[in-house]
Amino acid sequence: MDKILQQYKMLIQLMRLPVAHLQFHEHIDPGQIRATYHHFTRPHPRYKIIRHKTIGAALIDLESLSSPQQYLDQIKGKNGGAWHAKRARSRGYRVMEIDRNRYVDDIHAINTALEQRQGRPMDRAYRDKQSSFETLAHFRYFGMFNADGKLVGYANLGRFGNFGGFAQLIGLRNNDGFMHLLVVDIVSQLIEQREVRYLMYDTFFGAHPGMQTFKKILGFRPYRAKYSLQ
Numbered sequence: 537m538d539k540i541l542q543q544y545k546m547l548i549q550l551m552r553l554p555v556a557h558l559q560f561h562e563h564i565d566p567g568q569i570r571a572t573y574h575h576f577t578r579p580h581p582r583y584k585i586i587r588h589k590t591i592g593a594a595l596i597d598l599e600s601l602s603s604p605q606q607y608l609d610q611i612k613g614k615n616g617g618a619w620h621a622k623r624a625r626s627r628g629y630r631v632m633e634i635d636r637n638r639y640v641d642d643i644h645a646i647n648t649a650l651e652q653r654q655g656r657p658m659d660r661a662y663r664d665k666q667s668s669f670e671t672l673a674h675f676r677y678f679g680m681f682n683a684d685g686k687l688v689g690y691a692n693l694g695r696f697g698n699f700g701g702f703a704q705l706i707g708l709r710n711n712d713g714f715m716h717l718l719v720v721d722i723v724s725q726l727i728e729q730r731e732v733r734y735l736m737y738d739t740f741f742g743a744h745p746g747m748q749t750f751k752k753i754l755g756f757r758p759y760r761a762k763y764s765l766q
């Protein structure tokens, strides 16, 4: 009985999440966008009545932010996202858009630096070295460089319609806060460019507690996502 009550309370909590209407715009890249839409809306692997990335989608509502400074003000404070980003910047880290094919070895080194992340073994797609990368027109590719100019992290960001989303966000492990800086700089650019309303970083539920904290201190919040293909 207690378990049923707990599940009921969780369901009520989930249904009270704010709703975000995420639009896929097929004209951007008809084949790729349609395939991504079907991936996002397929049945959840465990809960068949729920679509894959609908409950607890981790989003930032960029339209609600008037400037990058307002975003930084919302994530400031000791151990907040802005604090970590500032610390990394002071240590010489910088973000640049990259051609991934110039950094094949560095990307493989990052992907294979740890056997497990977030309590799970690294997927084979990360362990196998790619000789080259396809560059998709609706994606942007960012690299994080340390003070010596070495690539230590990267992010692949897709634009799908009225929202963008991280396909990959991964880096070497240390305590310099450079992955926070990578997200902060990308969010700041998106706020200034005003091309998408939302930024998505997968979902909250099912994520490792450490990953949930990382998302929260960078301003991501859980939503119920409703998708459409236009």
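Taking the working numbering, I'd label the letters of the sequence shown as residues 537 to 766.
Think of the CB as a built atom: it goes at the ideal place given N, C-alpha and C, for glycine as much as any other residue.
With 16 other Cβ atoms within 10 Å as the buried cut-off, status of residue i
| i | result |
| --- | --- |
| LYS665 | exposed |
| GLY746 | exposed |
| ARG695 | buried |
Spatial distance of residue i from residue j (CA atoms)
| i | j | result |
| --- | --- | --- |
| ASP721 | TYR639 | 20 Å |
| ARG552 | PRO758 | 10 Å |
| GLY713 | LEU687 | 15 Å |
| LEU735 | GLY697 | 11 Å |
| LEU726 | LEU598 | 7 Å |
| ASN637 | LEU693 | 16 Å |
| ALA624 | ASN710 | 11 Å |
| TYR763 | THR577 | 7 Å |
| MET774 | LEU595 | The structure shown does not extend to residue 774, since the chain is modelled only from 537 through 766, so no value can be given for it. |
Boundaries (first-last residue) of the alpha helix (DSSP H) holding residue i
| i | result |
| --- | --- |
| ALA593 | From DSSP, ALA593 is part of no alpha helix (DSSP H) but of the beta strand (DSSP E) over 591-597. |
| ARG625 | 617-626 |
| ARG570 | 566-577 |
| SER724 | 714-729 |
| LYS497 | Absent from the structure is residue 497, since the part of the chain shown begins at 537 and ends at 766. |
| ASN647 | 640-647 |
| GLY601 | Reading the sequence as shown, one finds Leu at residue 601 and not Gly. Neither: LEU601 is in no alpha helix (DSSP H) and is coded neither H nor E. |
Counterpart residues of residue i in DSSP-defined beta bridges
| i | result |
| --- | --- |
| GLY707 | GLY689 |
| VAL555 | ARG760 |
| VAL631 | MET680 |
| LEU735 | ILE596, GLY700 |
| LEU765 | PHE560 |
**OP:** Note down, one range per segment and in chain order, each beta strand (DSSP E) of at least 3 residues found wholly within the region 656-701.
**Re:** 675-681, 687-695
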